[in-house]
Structure formats: structure tokens, C-alpha cells
Amino acid sequence: MAGAAVTRGRGGRLGWTPYLLLAPSLVFLAVFFATPMFQAFGLAFQAPGGGYGLDAVQRMFGDVRFGRALTTTLVLVVAIIPIQFALAMGMALVVNARLKGTDLWLYIFALPLGISELAAGIVWFSIFTEQGWLNSFLEQAGLIERPYVFLSYQHPALLILAIVLAEAWRATAIIMIILIAGLQGIPRDYTEAADVFGADAWRRLRYVTLPLLKPTIRVALILRTILAFQAFATVLALAGSATNVLAGEAYRWYQTLREPRVAAAYASLILLLSVASTVLFLALIRTDEERLA
Amino acid sequence: MSVVDQARAPGTGPSLNGQRTSAAAARRRRRVRRLTYVAAVLLSAWVLVPIYLITVTAFTPRRVSYQFPKPLVPTELSGETVSFFSHSAGVLPALGRSVLVAAITLGLSTLLGAPAGYALARHRFRGKEAYRLLILSTRAFPVVILSIPLAVNFITWGIYDTTISVALMHTALALPFTVLITSSVFVSVPRDLEEAAQTLGCTPMSAFVRVVLPLALPGLAAASIFTFVLSWNEVFAAVILTLRQRTLPALVLSTLSTSPLPFRFAGAFFLLAPSLVFIFVIRRYLLGLWGRVSR
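Structure representation (C-alpha cells):
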């Protein structure tokens, strides 16, 4: 009996068992992932009296805050990604260099993995706020005489910078972990061979490591971009109402203005932008296997 | 000694010229190594300094939050700010709910996801790649945004503003990770051991419970902690799906515009501290957990 089970397991003729094991997760994702995704669009195109219409979508596009929310979100996506990749790549190369205490470096770099968007926002708020750490430091260093107001709607560039720093601080760890995993998949022989042929550290990185890391970089880029489109709590904690992003508008329309349909229009827009960016990355960064195929 | 090491070792080069370049290469390597240490220290400071600052803020008296300029090294330590936060209205119940939501999320996603992870690791069947692709593709979607249409459903079902509704949303967020992580944990348990147990008279079920599970347990525990942190930190869905039954992050977020500074700072510390401990506990598994999942 037991022997029979083993053979069947090996041959893959076990019939229904794997499907039974998958079924619960599939049912759950159908109810709590696939259905609400379609509902988001359904809700966005629902007319006030029932039936379908463009009312909610028009109110979203027509809202005075819409333009700034969209541009801020896009600027954040564009600004965060290169900074974060440079930082994450630096961390990954440090960990991969196997210095003394590699485990300790890795743990320190990975710490923000457990830090929430909200906590990160407040931490950087304590740095940038008027009576905050940065002003205290500048004052004690004799660089300023009275505290400078960094976080104000009058300095949109500074606001964005603060948000970018907070986001880079929090979410670099996840990119780093993905990059390290990718680096460890590259055989050491390749870089050592390049070394023997006289390539310096920069050339080894540019012509050997980075090209081999392409598939990993693509995964990390997609993941990070989707996170950036959802940016919400960091922005709220740092900027309050001085600036706004798409997810923040979805929250405002849902909770403050009690308009789930307009909130759903924002949710649909975020969904579309995320999917579009994923498709874009898949098309732009081709891995070698795909090019051969 | 490998070929590469021989080529590098000074004095074994074929010519004087070869010796000179290998000595230069060694010098260059030492310099790169020194620079790497400098980078390591700087990058650590970038991560640690903000954590230090918020910790100091949380453990100095409340009035220091308003003081300017703040002393960069704390002059007096006190639990006043933290106890002010924890005694504020609604904080302790919210803390309890956060733990409850995370626990339900953990239970549900393991219950639903681990069997699928096991099937992916051990069975060959038609549609396996399609299923794996489906799970991977969920990451192309901002899952928490789905809390808006879900909120409408939850109102219809009569479970809006409850801990279970937040936990269901968090499970949808965590489930794909649970499936992929548990699958990679089960792959790492040698199949031979399971088959040997079955040959020696175990049923597939008892072979799983007595042989596979004990070996997979550390990895599964690490994955669970990660799921717990995911739920503990999540705020968008939590604040959309609740009104009075706030989780801790939802409470802190929804009161941001009205709460005093010490409340926010202590709140950030409260949210951050457990996560740091959890990450410390699972530090050995971080690369395995995320790395294998992300390929």
C-alpha cells in the first residue's frame, strides 16, 4: 500500500491530490484577489443611480487635487528607483565581498525590511520637522540661526526629497536581498576570470556582473515600482496635506468624502499604472534566453 | 591551489613583468577592500542613525519633543513618552487587535498556502507551471488597493470594521508569498527521506508529519514570522477596512493630523521595535526566504 503510494507519487499519476492541495488557495485568491480587481473597475464605472456611467471617473479627472497627486506619484517613482538601486547595489556588493562580519553587515542592511511605511514616515518626520533632528544638528553646527521649515507646501522639491529619502531608507533592504540572491547565483569563476584578464573592479561590475544580474534586476524593478505606486503612509506622515499621491486620494475619497466609486476610480488607475509599468519593464529589459528564443 | 590562485601568487609568474602586474593587482585589491569597509560603515550609518534618533526621542521626556535645539546625545532618559502613548485612549485595544489580525493572517495563510507550497515542491501535475505563474503574477498588482472594492463587499456581508475583515485582506496579501516560501522550504527537505519513511511503512500523511515537518519547521517558522511582520506593518487596507476597530498602525495614521508630536514619535517606535526583533530572529533565513522567491 505504502509502496504503491510512492510509485504513484513519483510517476505523477496521483490524480487529484495536487489539485486538492492547490484548491483552497485558488478559491481564496478568486474571492479576495481576482473578484475585487474586476469590482474595482465595475465600481469606478457605476452611475450614481445604478447602471454604468463615467460619473466617478469624470469626478476623479476633474478634481483639483488630481493633477498634483498623479505628478507627485510619478515623480516619486522616477526619483526613488535610481537612488534605491544605487544604494541596494552598494549594499549587495558589500555583503557579497565577504568582509569580516558579513552576517552583521547583512543584518544591519536588512533591518528596514521590518519597518513599516508609516513608521519610516514618522522617523523621517522627526528628522525634517521644524524642531527636528536636522535643524538641531544644523543649529549646533552653527550653520543656521533659526530652524528652517523643510516640510511645507512652499517647498515642493524639499517635500519630495524628504519622501524619497524616507522611502529609500525603508525599502532599499528588499531590493538588496533580491540583488544578493542574484549575485550569489553568479559563479565566482566569471569575475575571477575577468580579474585574471586584467579587468579592474569597475569593469568587472559593468561588463560581467551587471549583465548576468539582468533577470534579477528586472524582478526587483517591477516589485519596487509597484510599491512606489502604492506610496501612501510615508507621504501622509511626512507631508500631511502639503502634498498628495494617488493612494492618498483613494483613501481621502473613501474615508473622508465617503465616495467609494471615486475611490475605486483611483484604485483602478493605480492598478492600470502598475500593470503598464510591469509590461514596460518586461519589454525593455530582455533577458538573454528570451533574445535567443 | 586552484589555477587562479597560482596566477595570483607573487613570484610564480612566468616573467618579471608578470610579477610586477600581480603585485599591482594585489595592491589594487587591498585598496578596493579598504574602500568596501568604508562603504559598509557609511551604509550602516545610513540605516542605523534614524533608528537611533527615533529610539532616543521615544525614551526622552515628552517636553524634549518640543525642545529646540534637541541635544544629539540624550541628557535624561525616561519612560514618560512611551507610557503616555500606551496609556492614550484606544492604544492598548488597537495593539491587541494588531496582534490578533497578524495571528489570524498567519494561521489562514499557512492553512491555505502551505498545502499548495507542498504540492508545488513534491508533485508533478498538469497546470503546475500555470499555477506558479498565477501566483507570481499577483505581485504585478498593488494588492492593498483592492481593499476599496473589498470594503464594499464586507459591508454587504456584514463584516466591515472587524478584525476578521482586515485579516482576510492581509491573507490575500500574504498568501502568494506563503505559497512560494513554503514550496522552497519543502524543496530543501530531501525527498529521499520522505520516500524512505514510506518504504518503512509510513503512510504519506505520517511520513509528512514525522519526517518532513520537523525538518521543514525552522524554515516554516521564519516564513511565519515574516507574514506576521507583513500584517503588523500594513496600514492602507487596515485604515480603509476599519472605523472603530483600528489596528495600531491604522490608529496612528488616522490620528496623524491631530495627535501631539510625542504620541506620533512613540507610536513609530512601538511599530518599529517588534519588527527589529523579528528580523533579528529570522536573520539567517532572510536570503533564503526572499532570494529564492524572487527568482
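Chains as they are written, first to last, in our numbering: chain A, 14 to 306; chain B, 914 to 1208.
The C-beta atom is built at its ideal place from N, Cα and C for all residues, glycine as well.
All values derive from a computational prediction rather than experimental measurement.
Decide if Leu1088/B is buried, meaning its Cβ has at least 16 other Cβ atoms within 10 Å, or exposed.
Mapped onto the second sequence, residue 1088/B falls at position 175. It is buried - the Cβ of Leu1088/B has at least 16 other Cβ atoms within 10 Å.
Listing by chain order, which chain A residues have their CB less than 7 Å from the CB of Tyr950/B?
Here residue 950/B refers to the residue found at position 37 when the second sequence is read from its first residue. From the beta-carbon of Tyr950/B, the residues of chain A found nearer than 7 Å are Leu112.
If we ignore side chains and look at the alpha-carbon of each, how far apart do Leu56/A and Arg274/A end up?
By 1-based counting over the first sequence, the position of residue 56/A is 43. By 1-based counting over the first sequence, the position of residue 274/A is 261. Distance between the alpha carbons of Leu56/A and Arg274/A: 5 Å.
Name the one or two DSSP bridge partners that Tyr65/A has.
The sequence position of residue 65/A within the first sequence is 52, counting from 1. Tyr65/A is bridged to Gln59/A.
Compare the beta carbon distance of Ala289/A and Ala53/A with 7 Å and say whether it is the shorter of the two.
Numbered from 1 along the first sequence, position 276 holds the residue referred to as residue 289/A. Numbered from 1 along the first sequence, position 40 holds the residue referred to as residue 53/A. Going by C-beta atoms, Ala289/A is not nearer than 7 Å to Ala53/A.
N- and C-terminal bounds of the alpha helix (DSSP H) containing Arg271/A:
Within the first sequence, residue 271/A is the residue found at index 258, counting from 1. Looking at the DSSP string, Arg271/A is not in any alpha helix (DSSP H), and its letter there is neither H nor E.
Would you mind reading off the limits of the alpha helix (DSSP H) that contains His1083/B?
Residue 1083/B sits at position 170 when you count from the first residue of the second sequence. Run containing His1083/B: Thr1076 to Val1100, per the alpha helix (DSSP H) assignment.
Please state whether the Cβ-Cβ distance between Thr973/B and Pro963/B is less than 7 Å.
Looking up residue 973/B in the second sequence gives position 60. Looking up residue 963/B in the second sequence gives position 50. The answer is no: Cβ separation not under 7 Å.
Would you kindly report the start and end of the unbroken alpha helix (DSSP H) that includes Val1142/B?
Mapped onto the second sequence, residue 1142/B falls at position 229. Here the alpha helix (DSSP H) through Val1142/B covers Leu1126 to Asn1146.
Measuring only the C-alpha atoms, how far is Val1004/B from Thr269/A?
Walking along the second sequence from the start, residue 1004/B turns up at place 91. Walking along the first sequence from the start, residue 269/A turns up at place 256. Approximately 22 Å between the Cα atoms of the pair.
Please classify Tyr267/A as buried or exposed, where buried requires at least 16 neighbouring CB atoms within 10 angstroms.
The residue you call residue 267/A lines up with position 254 of the first sequence. When all chains shown are included, Tyr267/A counts as buried.
For the stretch 1090 to 1103 of chain B, list every residue whose C-beta sits within 8 Å of some C-beta in chain A, in sequence order.
The residues in question are Val1092.
Would you report the Cα separation of Val977/B and Pro125/A, rounded to the nearest angstrom?
Within the second sequence, numbered from 1, the residue matching residue 977/B stands at position 64. Within the first sequence, numbered from 1, the residue matching residue 125/A stands at position 112. For Val977/B and Pro125/A, the distance between alpha carbons rounds to 26 Å.
Euclidean distance between Cα positions of Met73/A and Tyr279/A:
Here residue 73/A refers to the residue found at position 60 when the first sequence is read from its first residue. Here residue 279/A refers to the residue found at position 266 when the first sequence is read from its first residue. If I take the Cα positions, the gap works out to 7 Å.
State the DSSP-derived secondary structure class of Trp29/A, mapped to helix, strand or coil.
The sequence position of residue 29/A within the first sequence is 16, counting from 1. Coil at Trp29/A, not helix or strand.
Applying the criterion that 16 or more other CB atoms from any shown protein chain within 10 Å of the CB defines a buried residue, is Lys113/A buried or exposed?
Numbered from 1 along the first sequence, position 100 holds the residue referred to as residue 113/A. The residue in question, Lys113/A, is exposed, as its Cβ has fewer than 16 Cβ neighbours within 10 Å.
Does the stretch 94 to 105 of chain A come within contact of the stretch 234 to 241 of chain A, defined as at least 3 CB pairs closer than 8 Å?
yes
Output, in sequence order along the chain, the residues in the stretch 241 to 258 of chain A whose CB is closer than 8 Å to any CB in chain B.
Phe242, Gln243, Phe245, Ala246, Leu249, Ala250, Gly253 and Ser254
Gly195/A burial status per 10 Å Cβ neighbour count (16 or more: buried):
One-based indexing of the first sequence puts residue 195/A at position 182. So Gly195/A counts as buried.
Per DSSP, what kind of secondary structure is Thr291/A in: helix, strand or coil?
Start at 1 with the first residue of the first sequence, and residue 291/A comes out as number 278. The answer is helix: DSSP assigns Thr291/A an H, G or I state.
Which residue's Cα is closest to the Cα of His168/A: Leu223/A, Arg219/A and Thr256/A?
Numbered from its first residue, the first sequence carries residue 168/A at position 155. For the residues Leu223/A, Arg219/A and Thr256/A, the minimum Cα distance to His168/A belongs to Thr256/A.
I want to check one thing, is the minimum distance from the CB of Ile1138/B to the heavy atoms of the ligand HEM below 6 Å?
The model on display carries no ligand, and the ligand HEM is accordingly not part of it.
Between Phe1067/B and chain A, is there a C-beta pair that is closer than 7 Å?
On the second sequence, residue 1067/B is found 154 positions in, with the first residue counted as 1. Taking Cβ atoms only, chain A never reaches closer than 7 Å to Phe1067/B, which makes this a no.
By DSSP, does Gln980/B sit in helix, in strand, or in coil?
Residue numbering aside, residue 980/B sits at position 67 when the second sequence is read from its first letter. DSSP places Gln980/B in coil when its eight states are reduced to three.
Ser281/A: which of Thr30/A, Gln153/A and Pro49/A sits nearest, CA to CA?
Here residue 281/A is taken as the residue at index 268 of the first sequence, counted from 1. It is Pro49/A.
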